[in-house]
Structures are given as structure tokens and as C-alpha cells.
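Asks:
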Amino acid sequence: MPDVFELDDRGRVRAPEGKTLEFKRDLSSPTKPLRTIVAFANSAGGRLAIGIDDDGTVVGVADPLAEEERIASLIADSIMPWLMPGIDLVPLGEKTVLVVDVPLSTGRPHYLASRGLADGTYVRLGSTNRKADASLVAEIERSARGIRFEDLADSRATLADIDLSVLPLVDGRRVGEADLIALGLAVRHGEDIVPTNAGLLAACPRPDRFMTSAWVQCGRIRGANRTDIVDRMEYHGPMLGAVDAVMDFLRKNAFLSARFGDVRRQDVWSIPIEPLREVVVNALVHANYAEPGTPVRIAFYDDRIEVEGPGLLVPGMTIPGMRNASRLRNPSLARVFRAAGLMENFGTGVRRVYEQLAADGLPEPKVEEVIDRLRFTVYVPSHAPDAGLGADEKHQDRALRHQDEAPSQSVASLSSTEAVVLRQVRVDPASRAELMAALGITNQTRAFRRHIEPLLESGLLERTLPDKPTSRDQRYRITELGLVALAGQEDAE
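The numbers in this note's numbering rise by one with no breaks, and the one at position 157 of the sequence shown is 168.
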């Protein structure tokens, strides 16, 4: 038996109860153990150890063979569809415990026969069992059959509901109908081509018309009272544009200061920008958009930022496993995000978040399944008005004073590419396409992230429509700081 049942010096099992492990002292109340077995089979598998107290104390079973036969009969008589877990008698110290080893079942959803499918289906939520509602039962059934919600077509939608201009280029050209099908964003329905849910999520101007969870809600919350919301934002556009919208909201409510070195000025945000971007992308790509009415939510508290997406982990996945592997709920949507430069290699994002936060000296993030959502909490320095960072105005004043004290260091740091961009908008604002044309670049999405976003984040460039980052009418203009930087660069040349 694996080291999960290793004992400490007091003879207690070291491993705590969790998503894939539960202890029961005995079978005097068999309903709870049966719920656990059902939940394991529907979620990620697990082990039920009978003869161990909740605190890990090994008490053993009085008659191991009789208890083995009893639990086998209970499973056969009480759980539907038929389930055959492994049952072992395991010696621990001087005692014997009964271990029921339940795999993730391909016959899920399983349920208690006495309660029926609608009322007797359970899933594992941390170290507890939760009764699955109708939408979760449907999700479990789809996953067992290899059917993804994102691949389904909505009978109400047509290709007119897709804005092809927001999709990344394919081989340097705009996406066509054949590309939509190849990407999983559309399917043939008789003689027609209709968008899938993935297509609506990626490129529909209002995907929440078809999926009530397909929108994003952000809030800045101060103090201990969760109702003290000082800023809020809702995003109802294509999910591809949600990343920039959320990051703009977080930067708007964070603090920016300047650090100067020997070569160039470096802007320092009070929140970890890149790890948070990864967390937001992860929430958007892995969300269960079949869940009714529960959007992706971002809550910026004084000391933490919580990113929640609808839906629990996909069957077979655990929270510790997220650091080493990824099981995509929405692979078609993920491919589009990757093509747009919003994702790196699949399966590495969560690990990078942990590594980047550790490198920044920030606490390890917390990941948890809460009711019907997955919550990712990133802890940040306190942003309370009386904290060391200071109030927004005070902090920004300090940053501006730093800029005034070292203008030569700030303005001499422009690269040739940055100078080209700023010259393009020195007189009149320019569109994204015009900026890319000035740089001679065709892969606009990746280039925008590489060349334009740093100028936005450093305050040298700004959007003409800051509240509508994905608008077709969006233009980019130089700021006063950008003018100073450009003038200094040209003087140096």
C-alpha cells in the first residue's frame, strides 16, 4: 500500500483527509461511507479507509473478513450503475484496516440507488461530499462520454453571431469558415455551418446571450466588510478580450511606482502582473460555461486577489495535480487563446504562477473548490488606505516625483521600436493596425503584447477608450510622459 498510510511517532496516519482520502472509524452508519465511494467514483477516485478515526488514529476493524464482505455487499446493493472498487485488508501497526480503493469511473455518474440519479449523485469537494445538482450531473455524464460542452452547437446561433476580426490570424490571413471548423469553433449542421459554444465564447460580441456564465465581473473591495465595493467592472464581450479588460481593471486599482537603474527606468506595480494574468487566463479557459448564471469573478481585496471560475475541477484532476499537469475542459478555446498569444504551452501555467510568486517574495497562492466554483487566491501587499503603500493619490504623487528627479534616465531608455510607436502617435492617435503597419509586423496579436502593452503599462501610451479595450474604435495616443521620453530620446540621438 502506498505511503499515504505512513504512520507518525504516535501511530497516527500522517496524510490528512482530502479530495482522494477519507477515514471512517467503522461501518455503523453505512450511508456516509457509501456517499464517499460514489463521490470518489464521480470525481477523481480515492481511498476510503475503514478503521481509522478522523484524526488519523488507527483503531482497526474487529472482524476484517466479515467487514470486507459487508462493504462489498453494500456497494453492490446500494450504488448504481454497478461499481467494482478494489477492497484490501491492510495491516497498520498491530491493527488491520479495510481500504476501499475507488477509481475514477468510466460509468459515471454513479448514485445511491435508494435516492435515484437526481437526488443521490455526489461529488468530492475537498474533504467533504456534495450532492450534485442537475447541471453538474449533466457535466459528469458528458465527461464520461467524452462530450465537451464547448463542442456543442447552439440552435439559436448562426455564423452572423461570430466576429471573425477578433480571432487570431491563421497563416497570416483572416479566419474563414473552413478554419472555424478545423479550430472547433463551428460545425456542419445539415447544409449549414453553425458556431459551437467555443466559437461563441471566443468571438461572439455578447456570448452571454447564449451562455449565462459567459461574462466577467470585477470588484475592488476595501475593509473587512465584503459589501464595501469602491470600484466595479463588468465585461460582456468575447472571452479573448476579457484578459486585457480584467488586467486593465487590476492595474487601475493597483499602485505604480518607479525604480531607476543604470540603464533604464523600471515601473513597479504593487501587484504581480504576470502571475495574475496567468491566473485570469486559466480561469477563462477552464471555466464550466454550462453552469447557469455564474460568471468568472475577480475580487480585489486589500490583501489578496481572488479569481473564481464556474465549475469544479474536471474529473480526474486534483488541486495538487494542477502544478504538474493540465486537463483542459475547453481545449478548442484554449487553442484560440494560445494562437492569440494569451497562453503559453498547455499544462505549465499554474506551475509558473507558483514559481513567479515565489521569486517575487509573495506567499504561496491558495487554490480551493468552493461550492460550484474553483477559486485561486493570490496574496498581495496590503492596499488598505493606511498601509505602507499609501493611498492612491499619495502613491502616484511619489511615483511622479521619482520621474521628475531622473528625467534623463527615464527618457534615455526607449528602444528603437518604442520610439517608432511613439512617433506614430505623436500628432494623432493611431489604431492597432496602424501601429503594427508602422512596425512592419503582420502577426498583430503577439506583436501587440510584446511591443505595445509595455508602453501602456509604463504610462507612455494610453487608450482613447480605456473602458472598452477590445472596441473596434479603439485608438492609442501618446501621454505627456511619452512626449517627454520621446523628446529626450531624440535629443540624445
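The beta carbon of each residue, even a glycine, is placed where N, CA and C say it ideally should be.
(1) Given this structure, state the Cα-to-Cα distance separating R23 from E379, to the nearest angstrom.
(2) Looking at the C-beta of A164, does it have a partner C-beta in chain B at a distance below 8 Å?
(3) Below 6 Å CB to CB, which residues in the same chain sit around R412 once its five sequence neighbours on both sides are set aside?
(4) So what does DSSP say about L559, is it helix, strand or coil?
(5) Mind reading off the beta-carbon distance from A449 to V431? Whole number of angstroms is fine, and I expect it under 8 Å.
(6) Taking the runs of the beta strand (DSSP E) that are 3 residues or longer, which of them lie wholly in the region 448-497?
(7) Go ahead and label P96 buried or exposed: buried means 16 or more other beta carbons lie within 10 angstroms of its beta carbon, across all protein chains shown.
(8) From this set, N299, R288, D255 and A26, which residue's C-alpha is nearest G320's C-alpha?
(9) So, are the CB atoms of V364 and I309 less than 8 Å apart?
(10) Decide if the region 208-227 is in contact with the region 241-249; the criterion is three or more beta carbon pairs, one per stretch, under 8 Å apart.
(11) Look up Q435 in the DSSP assignment and give the residues it is bridged to.
(12) Nearest CA to the CA of L385: which residue from L194, V318 and L446?
(13) Taking the beta strand (DSSP E) that Y365 falls in, what are its first and last residues?
(14) Please state if the CB of L433 and the CB of L471 are separated by a distance shorter than 8 Å.
(15) Would you tell me roughly how many angstroms separate the C-alpha atoms of W226 and G201, rounded to the nearest one?
(16) Can the beta-carbon of S482 be found closer than 8 Å to that of L476?
(17) Can you name the residues that DSSP bridges to C229?
(18) What does the alpha-carbon distance come out to for the pair D112 and E28?
(19) Tell me, to the nearest whole angstrom, how far the beta carbon of A345 is from that of V296; I am working on the premise that it is less than 8 Å.
(20) Measure the alpha-carbon distance for G234 versus P480 and round it to whole angstroms.
(21) Could you spell out the range, first to last residue, of the alpha helix (DSSP H) harbouring V108?
(22) Between S343 and G195, which are expected to be in contact by the criterion C-beta below 8 Å, what is the C-beta distance as a whole number of angstroms?
(23) Evaluate A370 with the Cβ neighbour count: other Cβ atoms within 10 Å of its Cβ, from every protein chain shown; 16 or more gives buried, anything less gives exposed.
(24) Quick check on the DSSP output: the beta strand (DSSP E) that includes H200 runs from which residue to which?
(25) Run the CB neighbour count on V69, radius 10 Å, all protein chains shown included, and call it buried at 16 or more, exposed below.
(26) Is the beta carbon of R243 sitting closer than 8 Å to the one on N264?
(27) Out of V361, I284 and T47, state which residue places its alpha-carbon closest to the alpha-carbon of R141.
(28) For S337, does the count of other Cβ atoms within 10 angstroms reach 16, so buried, or fall short, so exposed?
(29) Between the beta-carbon of L267 and the beta-carbon of I282, is there less than 8 Å?
(30) Determine the burial state of E375: buried for a count of at least 16 other Cβ atoms within 10 Å of its Cβ, exposed for fewer.
(31) Could you tell me the alpha carbon to alpha carbon distance between T490 and S224, rounded to whole angstroms?
(32) Over what stretch of residues does the alpha helix (DSSP H) that includes A213 continue unbroken?
(33) From the DSSP output, in three-state form, read off G29 for me.
(34) Below 8 Å between beta carbons: does that hold for G327 and L32?
(35) In whole angstroms, what is the alpha-carbon distance linking N293 and P286?
(36) Which partner residues does A441 have in the DSSP bridge list?
Replies: According to the structure data:
(1) 26 Å
(2) Chain labels in this structure do not include chain B; a single protein chain is all it has.
(3) Its pLDDT being 38, under 50, R412 is placed unreliably by the model, and the measurement read from it follows with that caveat. Excluding positions up to five away in sequence, the list is empty.
(4) What the structure shows of the chain is the stretch from 12 to 504, and residue 559 is not part of that stretch, so it cannot be assessed.
(5) 6 Å
(6) 472-474 and 487-489
(7) buried
(8) N299
(9) no
(10) yes
(11) DSSP output for Q435 lists no bridge partner at all.
(12) V318
(13) Careful: Y365 lies outside any beta strand (DSSP E), inside the alpha helix (DSSP H) at G360 to A370.
(14) yes
(15) 30 Å
(16) yes
(17) M244 and I309
(18) 14 Å
(19) 5 Å
(20) 29 Å
(21) It is not in any alpha helix (DSSP H) - V108 instead sits in the beta strand (DSSP E) that spans K106 to V113.
(22) 3 Å
(23) exposed
(24) A197 to H200
(25) buried
(26) no
(27) T47
(28) buried
(29) no
(30) exposed
(31) 37 Å
(32) N208 to A214
(33) strand
(34) no
(35) 11 Å
(36) Y487
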